[in-house]
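When you number the sequence shown by my numbering, it's gap-free, plus one each residue, and the end is 1351.
Each residue gets a CB set at the ideal place from its N, CA and C atoms; glycine is no exception.
Read through the structure below, which is laid out as structure tokens, and then see the notes.
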Amino acid sequence: MSGTGKHNAVSVARYLDSVVEVLRSAGIAVVEVDIDLVAAAPVRAQLVTSAGRVLRWREDLGWSTGARVAEPVSHPSEVARLAILSDE
């Protein structure tokens, strides 16, 4: 899943599913998942939580909450920490 053009819908869905599961385990409910798959472009996704926090992901740039960032293929637990820290 690393690098533009090396992704596919299944690998992206599995990665994001893992992230959502870890967030759920950490007590963070994800109410919306938007995935933007465009040929020859980096995959983009957005996870909206029940608390209104938004985690944005771009395959080549990584995760962002606006103020905090994480690497593109960060372990799902690191993404969960990013979401938790965005409250502070």
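Contact between Val1294 and Ser1313 is confirmed by a C-beta separation of about 5 Å, below the 8 Å threshold. The continuous stretches of alpha helix (DSSP H) do not include Ser1337, and DSSP gives it neither H nor E. Where Arg1277 is concerned, the enclosing alpha helix (DSSP H) starts and stops at 1272–1288. Here the alpha carbon of Arg1321 sits roughly 14 Å from the alpha carbon of Ser1274. Contact check for Leu1348 and Pro1335: beta-carbon distance about 18 Å, past the 8 Å limit, so the pair fails to qualify. Look at Arg1316 here: in three-state DSSP terms it is coil, with no helix or strand label.
Contact annotation, Thr1328 with Arg1344: C-beta distance approximately 11 Å; criterion of less than 8 Å not satisfied. One Cα belongs to Pro1339, the other to Val1282, and the distance between them is close to 4 Å.
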